[in-house]
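I have placed the structure first, in the form of structure tokens, so that the comments after it can refer back to it.
2 protein chains.
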Amino acid sequence: MELDERKMKILQAIIRNYLETGEPVGSRTISKYTDLNLSSATIRNEMADLEELGYILQPHTSAGRIPSDKGYRLYVDNMMKAKALELAEKEKEVDNMREFLNDKVDKVETLLKNMAKMLATNTDYAAMISAPQVHKNKVKFIQLSQVENHQMLCVIVLEGNIIKNKIINVKEDIDNETLLKLNILFNSSLNGLTLEEINLGIISKMNGQAGEQLEIARSVLDAVAEAISAEDNLEIYTSGATNIFKYPELSDSSKAKELISTFEEKQLLSSLIEKDNEGSDNGIKVYIGEETPVHTMKDCSVITATYELEEGVHGTIGIIGPKRMDYEKVVDTLKYIKDQLDSVYKKKE
Amino acid sequence: MELDERKMKILQAIIRNYLETGEPVGSRTISKYTDLNLSSATIRNEMADLEELGYILQPHTSAGRIPSDKGYRLYVDNMMKAKALELAEKEKEVDNMREFLNDKVDKVETLLKNMAKMLATNTDYAAMISAPQVHKNKVKFIQLSQVENHQMLCVIVLEGNIIKNKIINVKEDIDNETLLKLNILFNSSLNGLTLEEINLGIISKMNGQAGEQLEIARSVLDAVAEAISAEDNLEIYTSGATNIFKYPELSDSSKAKELISTFEEKQLLSSLIEKDNEGSDNGIKVYIGEETPVHTMKDCSVITATYELEEGVHGTIGIIGPKRMDYEKVVDTLKYIKDQLDSVYKKKE
DNA sequence: GTTAGCACTCGGACAAAATGAGTGCTAACA
DNA sequence: TGTTAGCACTCATTTTGTCCGAGTGCTAAC
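Heads up: the protein sequence lines correspond to chains A and B, in order. Going by my numbering, the first sequence opens with residue -2, and the numbers climb by one from there. Going by my numbering, the second sequence opens with residue -2, and the numbers climb by one from there.
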């Protein structure tokens, strides 16, 4: 037995209906819902087949059918094109976004936080967005300056204008000239290098040149190492975690707690961040149910997209919702946001 | 009718019992629970009085009594001294904290995040902690440097070592000498000043001296204004929002959603941040039920404490839990944390 | 002032009954 | 051979009724 066109149509009708209502859908409903002009009895026969094929399942005897993960997958991969965002709605969203985008584009952090919030509000699902990660963090600029007695400020700018600050306490102050020398030394020795490239050789060479300021040089190197190491840099913004309460299948206490905890402990979301941005389609990936890398989200679907602010500087946007989420709308929205983010800085130049 | 000693004892017993069990407590229980040697009937009479006085109430006829907000208030203000943290437990907590404190004290942000997490874990309530606010933000140090073609980095250090960075795009680069001059100009003009003190006079004077670099000077001033203005600086870390699911009276969908949303939208918590740290007792304040400034928390109690990292640099710690929270333990814990935070930096110097 | 006794209230738990959506199967039909 | 009407059956949900017990308020006696 295999999926003929009629079965496809019926499956599609089931999924559509279930996405809308969230209720198991019965044969009678489909018999009217479609333009196939088939009686409920016939539909029942076909449904039995679809169940045997694994595309739908029954929560219990004498209930309607709901799509299985496999059914959703087929839908997402093959059947989804038809519907599209209502034009009016899209217009409205575009306006919203432009507003946000024009607002404070100079602060990436604010922009991304706003983005997350907007996504959550617009979709009624939970949204996450990771701050851009530089694939290979490179030092672009280092500056050491005296702020106060016994306190130095070390500013490190990485490729992609990621700025790190560190206050370093020193035993004795150094004069301006030495400071200048040190700055030149740091910049000439470390600029353009990744963490791996700052190897022992360079460090010992620097130590040699730093002369008496060994202690400071060591502190600076530590700061650089800290700034540059990728782990610490993972920053994730989330919004709309409480949207899950809108979906009864997710909002019983234990599930809700688990999900929201996952959102609170943002580290747990890191496995959703794409390392490679070679996604199937525009860098957009759809995880359905058990497919998701985060186990606590096994009752959800997750859709992620990768954006690229500047060459080599990319992050991930994710939408988490119930399995019966509006895949088309979310994919469209993510595509749009992705495009916007992709062009924010590129356009400006 | 007024509160004699016996009524006090009975009220105290009711509250203690309710804090432990979370169930309405009946006359029979109290009759045994206390060492008053009174029959349940007598207790009932007293309870009727206590109810009339407004210290306790009945969820419904034929249920036991639970404390009213007024009852809790009396308890917190007058009856609480007796119990104290178990010594063993306290020791354990102290150890935990020391561990956290010793870990990465150099990064205030990390420290506070860890603190919040620890508080939430230790108390089983939700915790919030506001990053230190400087009462009157003063500029301590400004540095402008060239990072790349057409890109300047402006670093602003405020009193209390709060560091702000801003990338400024410029039309044409400036030579090293001018840069040096500008830096000296900024530092000599702005250091030690608050936002109010940087008035139009100074700005126009600076404009005069900046000469051709007017555009840059303006950008820098903007950056300073942004860095220094208090609103943007409000940073609040939260943890353990999902702990509320541990208390049935808070964990039905709608209440939980409201509470967790409040935690997510951290701005909503700002009214809990104390502007003046002149609290009643050690800067610790207890809000019970309707007393709390955040309306969504009317079914909760909130306890806040103010800490002071350095002279004039303070923030607020808050614990949010059910009204039947363990007030003594929370107050003790907050006091302890407050002391720790108060001394972290002061000790070091 | 305290206590024992008793009638009364009311929420919660439990079980039986009613409801109804939906199925699977069979037999008839085109 | 595919389609359909009809019917018995299943099972989650809702409704209804009953019971139970914790706890109260009141009264009368101590």
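Note that beta-carbon positions come from the ideal geometry of N, C-alpha and C, so glycine has one too.
**Request:** Return the Cβ separation of SER258/B and THR239/A in integer angstroms, given the expectation that the two are a contact with Cβ distance under 8 Å.
**Result:** On the second sequence, residue 258/B is found 261 positions in, with the first residue counted as 1. On the first sequence, residue 239/A is found 242 positions in, with the first residue counted as 1. Indeed, because the Cβ distance is near 5 Å, the residues count as touching under 8 Å.
**Outcome for ILE181/B when other beta-carbon atoms lying within 10 angstroms are tallied against a minimum of 16** = Mapped onto the second sequence, residue 181/B falls at position 184. Under this definition ILE181/B is an exposed residue.
**Asked** Just curious, the beta strand (DSSP E) that ASN34/B is in, first and last residue?
**Response** Sequence index remark: in the second sequence, residue 34/B carries index 37 (1-based). Per DSSP, ASN34/B belongs to no beta strand (DSSP E) and is neither H nor E.
**Message:** Can you tell me whether HIS57/A is buried or exposed? The criterion is at least 16 other CB atoms within 10 Å of its CB, across all chains shown.
**Reply:** As a position in the first sequence, residue 57/A is number 60, starting the count at 1. When all chains shown are included, HIS57/A counts as exposed.
**Request:** Compute the beta-carbon to beta-carbon distance between VAL73/A and TYR324/A, rounded to the nearest angstrom, for a pair I have assumed lies under 8 Å.
**Result:** Within the first sequence, residue 73/A is the residue found at index 76, counting from 1. Within the first sequence, residue 324/A is the residue found at index 327, counting from 1. Yes, they are in contact, since the Cβ atoms of VAL73/A and TYR324/A sit about 5 Å apart, within 8 Å.
**Buried or exposed by the 16-neighbour rule on C-beta atoms within 10 Å, applied to HIS311/B** = One-based indexing of the second sequence puts residue 311/B at position 314. Result: buried.
**Prompt:** Taking 8 Å as the CB-CB limit, is LYS266/A close to chain B?
**Reply:** The residue given as residue 266/A occupies position 269 in the first sequence. Residue 266/A is actually Leu in this sequence, not Lys. Judged by the 8 Å Cβ criterion, LEU266/A is not in contact with chain B.
**Message:** Checking 8 Å against the spacing of the C-beta atoms, do GLU362/B and THR301/B come in under that value?
**Reply:** The shown model of chain B, from -2 to 346, leaves out residue 362/B, and the question about it has no answer.
**Asked** For ALA302/B, which of helix, strand or coil comes out of DSSP?
**Response** Locating residue 302/B in the second sequence gives position 305, counting from the first residue. The answer is strand: DSSP assigns ALA302/B an E or B state.
**Prompt:** What residues in its chain sit with their C-beta under 6 Å from that of LYS133/A, if we drop five residues either side in the sequence?
**Reply:** Position 136 of the first sequence, counting from 1, holds the residue named residue 133/A. These residues qualify, in order along the chain: THR191.
**Item:** Through-space distance from VAL221/A to MET203/B, alpha-carbon basis
**Value:** For the purposes of this step, residue 203/B is taken as the residue at position 206 of the second sequence. For the purposes of this step, residue 221/A is taken as the residue at position 224 of the first sequence. If I take the Cα positions, the gap works out to 35 Å.
**Request:** Could you tell me the distance, in whole angstroms, from the CA atom of GLU43/A to the CA atom of GLY61/A?
**Result:** In the first sequence, counting from the first residue as 1, residue 43/A sits at position 46. In the first sequence, counting from the first residue as 1, residue 61/A sits at position 64. Computed Cα separation, rounded: 13 Å.
**Request:** Return no unless some Cβ of chain B is closer than 8 Å to the Cβ of VAL102/A.
**Result:** Here residue 102/A refers to the residue found at position 105 of the first sequence. Here the model assigns VAL102/A a pLDDT of 40, short of 50, so the residue's position is not dependable and the matter cannot be decided.
**Message:** Between the alpha carbons of TYR52/B and SER36/B, how many angstroms are there, rounded?
**Reply:** As a working note, residue 52/B is residue 55 in the second sequence. As a working note, residue 36/B is residue 39 in the second sequence. Taking the straight line from one Cα to the other gives about 21 Å.
**Asked** Ends of the beta strand (DSSP E) at MET149/A?
**Response** Looking up residue 149/A in the first sequence gives position 152. Looking at the DSSP string, the run of the beta strand (DSSP E) that includes MET149/A is 148 to 155.
**Request:** Please list the residues of the stretch 140 to 161 of chain B that have a C-beta atom closer than 8 Å to any C-beta atom in chain A, keeping them in chain order.
**Result:** GLN140, SER142, VAL144, GLU145, GLN148, LEU150, VAL152, VAL154, ASN158 and ILE160
**Message:** Measuring CB atoms only, is the stretch 209 to 216 of chain A touching the stretch 158 to 168 of chain A, in the sense that at least three cross pairs come out at less than 8 Å?
**Reply:** yes
**Message:** Distance check for SER267/B and THR372/A, CA to CA, integer angstroms please.
**Reply:** Past the edges of chain A, shown from -2 to 346, lies residue 372/A, and the structure says nothing about it.
**Message:** Alpha carbons only, please: which of LYS163/A, THR26/A and LEU187/A is nearest the one belonging to ARG13/A?
**Reply:** By 1-based counting over the first sequence, the position of residue 13/A is 16. Among LYS163/A, THR26/A and LEU187/A, the Cα nearest to that of ARG13/A belongs to THR26/A.
**Request:** Mind checking the stretch 308 to 326 of chain B against chain A and listing, in chain order, the residues whose C-beta falls within less than 7 Å of any C-beta there?
**Result:** none
**Message:** For GLU262/B and GLY315/A, I'd like the C-alpha separation in whole angstroms.
**Reply:** By 1-based counting over the second sequence, the position of residue 262/B is 265. By 1-based counting over the first sequence, the position of residue 315/A is 318. Whole-angstrom Cα-Cα distance: 19 Å.
**Asked** Are the stretch 279 to 294 of chain B and the stretch 279 to 288 of chain A in contact at 8 Å, needing three or more beta carbon pairs?
**Response** no
**Cut-off 7 Å between Cβ atoms - residues of its own chain near ALA113/B, not counting five sequence neighbours on either side** = Counting from one through the second sequence, the residue named residue 113/B turns up at place 116. Closer than 7 Å at the Cβ level, and outside the excluded window around ALA113/B, lie ALA124, MET125, ILE126, TYR234, THR235 and SER236.
**Asked** Could you give the residue range of the alpha helix (DSSP H) that holds ASN119/B?
**Response** Within the second sequence, numbered from 1, the residue matching residue 119/B stands at position 122. Counting along the chain, the alpha helix (DSSP H) containing ASN119/B begins and ends at 105 to 120.
**Item:** Assigned secondary structure, VAL291/B (DSSP; H/G/I helix, E/B strand, else coil)
**Value:** Start at 1 with the first residue of the second sequence, and residue 291/B comes out as number 294. Note: VAL291/B maps to coil in three-state DSSP.
**Message:** In whole angstroms, give me the CA-to-CA distance for ALA10/B and ARG321/B.
**Reply:** Here residue 10/B corresponds to residue number 13 of the second sequence, with the count starting at 1. Here residue 321/B corresponds to residue number 324 of the second sequence, with the count starting at 1. Roughly 14 Å separates the two Cα atoms.
**Message:** Which residues in chain B have a C-beta closer than 7 Å to the C-beta of LYS254/A? List them in chain order.
**Reply:** Numbered from 1 along the first sequence, position 257 holds the residue referred to as residue 254/A. Within 7 Å Cβ-Cβ: THR239 and PHE242.
**Prompt:** At which residue ranges does the stretch 151 to 204 of chain A contain complete beta strand (DSSP E) runs of 3 or more residues, listed in the order of the chain?
**Reply:** 159 to 166
**Message:** For chain A, check one thing: does any of its Cβ atoms lie closer than 8 Å to the Cβ of LYS137/B?
**Reply:** Along the second sequence, read from residue 1 onward, the residue named residue 137/B stands at position 140. Output row for LYS137/B: interface = yes.
**Prompt:** Helix, strand or coil for MET125/B per DSSP?
**Reply:** What you label residue 125/B is simply residue 128 of the second sequence in a count that begins at 1. In this structure, MET125/B counts as strand in the three-state DSSP scheme.
**Item:** Whole-Å CB distance - TYR122/B paired with PRO64/B, under 8 Å assumed
**Value:** Against the second sequence, residue 122/B aligns to sequence position 125. Against the second sequence, residue 64/B aligns to sequence position 67. That pair is no contact at about 18 Å.
**Asked** Is GLN55/A helix, strand or coil when you go by DSSP?
**Response** The residue you call residue 55/A lines up with position 58 of the first sequence. Note: GLN55/A maps to coil in three-state DSSP.
**Message:** By alpha-carbon positions, which one of ASP249/A, ASN279/A, SER142/A and ALA253/A ends up nearest to THR330/A?
**Reply:** Here residue 330/A refers to the residue found at position 333 when the first sequence is read from its first residue. Minimum Cα distance to THR330/A is reached at ASN279/A.
**Request:** Mark PRO319/B as exposed unless 16 or more other C-beta atoms lie within 10 angstroms of its C-beta, in which case mark it buried.
**Result:** One-based indexing of the second sequence puts residue 319/B at position 322. So PRO319/B ends up on the buried side.
**Message:** When you compare the CB of SER258/A with every CB in chain B, is at least one pair closer than 8 Å?
**Reply:** In the first sequence, the residue the question calls residue 258/A occupies position 261. SER258/A counts as touching chain B.
**Message:** Any beta carbon of chain B sitting closer than 8 Å to that of GLU169/A?
**Reply:** By one-based count along the first sequence, residue 169/A stands at place 172. No, no contact with chain B.
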